[in-house]
């Protein structure tokens, strides 16, 4: 009987620890997603700038 009570106490303690860690995990996941999204946006902006620069140079080369 006592062994079952201690097991139940251990399980509830583990569940409480898991619930306490859950918000930190969500924050960590959101931070990772935000960082990945930011890097992707910067990379896309760089490619748009590069392609635009090439097209402008090509256009000016045709005119000149």
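In the numbering used here, the protein residues as written are 135 to 198. Using N, Cα and C, we set each Cβ at its ideal position, and we do this for glycine too. These numbers were taken from a predicted model, which means no experiment stands behind them.
(request) Just the C-alpha distance for residue 158 and residue 185, rounded to the nearest angstrom, thanks. (result) 41 angstroms
(message) If you reduce the DSSP assignment to three classes, tell me which class residue 102 lands in.
(response) Only positions 135 to 198 of the chain appear in the structure, and residue 102 is not among them; the question remains open.
(request) To the nearest angstrom, report how far apart residue 144 and residue 170 are at their CA atoms. (result) 38 angstroms
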